[in-house]
Amino acid sequence: MSEFKYVIIDGLVKSGKTRLAEILAKTFNSRLILDNTENPFLNDYYHSLASSGNAMALKTQLIFLLNRYSQQVEITQKGLFQKTTVSDYIFFRDGIYAHLMLNDEELEIYKKIYNVFSQSVVSPDLVVYLQISFTEMVRRIQQKGTEIEKSVPGEYWREVFEAYNYYFFNYRSTPLLVVNMEKVDLNKKSDVQNLVKEIKNHKKGTRYYAPA
213 MSEFKYVIID GLVKSGKTRL AEILAKTFNS RLILDNTENP FLNDYYHSLA
263 SSGNAMALKT QLIFLLNRYS QQVEITQKGL FQKTTVSDYI FFRDGIYAHL
313 MLNDEELEIY KKIYNVFSQS VVSPDLVVYL QISFTEMVRR IQQKGTEIEK
363 SVPGEYWREV FEAYNYYFFN YRSTPLLVVN MEKVDLNKKS DVQNLVKEIK
413 NHKKGTRYYA PA
């Protein structure tokens, strides 16, 4: 994977993006950058979804934006092109949640900050989008999610599901590999080997990978 200096794995909640990023980083002895999900407002935001609205939305989203931008700065300062970097999120999809969470006035504030930050963010050489169905996403949230994630209304996860798919199905900025993760088991060595081969061989455009 030496021709790729910056590879991003992204996908829906519980799709396996962090696990795959860890596997790739270990396989190729790459630097690993994981999404910083620490956010003092997140639980309150989820609680507000389950009750009366999104009073914590702007604070929650700005913390995530600042966390992710700080990581992007760290990547460039450490010398991105000295070693392959694998990450489990793409900075440019930060706006997905912003558009879902924020009202018009809050969104304008967010956009002003986002537009400044995004100018200095390095684009990846390859994006791998891990796709699962809405039914499977909900099943995994109920099986593996936190108690607060399980309490979030189903319509919120439906909006997240549709927004992610819309974003990545219209993504044209870099080569994109869309992987059907209901056909890939990251616990099976053969599945991992075949997926890694697909990732290494994908050079341009958009390709869909759904093994039989």
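The numbering of the sequence shown is our numbering, which starts it at 213 and goes up by one. Virtual Cβ for every residue (Gly too), placed ideally from N, Cα, C.
Item to check | Pairwise C-alpha distance: LEU314 and LEU398 | outcome: 35 Å
Checklist entry - According to DSSP, which residues form a beta bridge with TYR341? => result ASP222 and VAL390
Item to check | For PRO423 and SER402, the rounded distance between their alpha carbons | outcome: 12 Å
Item to check | Contiguous alpha helix (DSSP H) assignments of at least 4 residues, all confined to the stretch 320-369 | outcome: 346-356 and 359-363
Next on the checklist: Quick check on LEU232 - is its C-beta less than 8 Å from some C-beta in chain D?
Outcome noted: Absent from the structure is chain D; it holds one protein chain and no more.
Next on the checklist: At the level of alpha carbons, what is the spacing between SER264 and VAL225?
Outcome noted: Any reading at SER264 must be qualified, since the residue scores a pLDDT of 49, below 50, and its modelled position is unreliable; the value itself is stated next. Whole-angstrom Cα-Cα distance: 23 Å.
Checklist entry - At a cut of 8 Å, does the stretch 365-376 reach the stretch 340-357 through at least three beta carbon pairs? => result yes
Item to check | Same chain, Cβ closer than 6 Å to LEU338, neighbours up to 5 away in sequence not counted | outcome: PHE216, VAL219 and PRO387
Checklist entry - Could you give the distance in angstroms between the alpha-carbon of ILE325 and the alpha-carbon of ALA310? => result 12 Å
Checklist entry - DSSP on SER264, reduced to helix/strand/coil? => result Reliability fails at SER264, whose pLDDT of 49 lies under 50, so the model's placement of it is uncertain and the value that follows must be treated cautiously. It is coil, neither helix nor strand.
Next on the checklist: At the level of alpha carbons, what is the spacing between GLU367 and SER260?
Outcome noted: 14 Å
Checklist entry - What do you get for ASN241, buried or exposed, if any count of 16 or more other CB atoms within 10 angstroms of its CB means buried? => result Of the other Cβ atoms in all chains shown, fewer than 16 fall within 10 Å of the Cβ of ASN241; this residue is therefore exposed.
Item to check | Nonlocal neighbours in the same chain, by C-beta distance under 7 Å from GLU410, ignoring five residues either side | outcome: For GLU410, where only same-chain residues beyond five positions count, the Cβ hits under 7 Å are LEU389 and TYR421.
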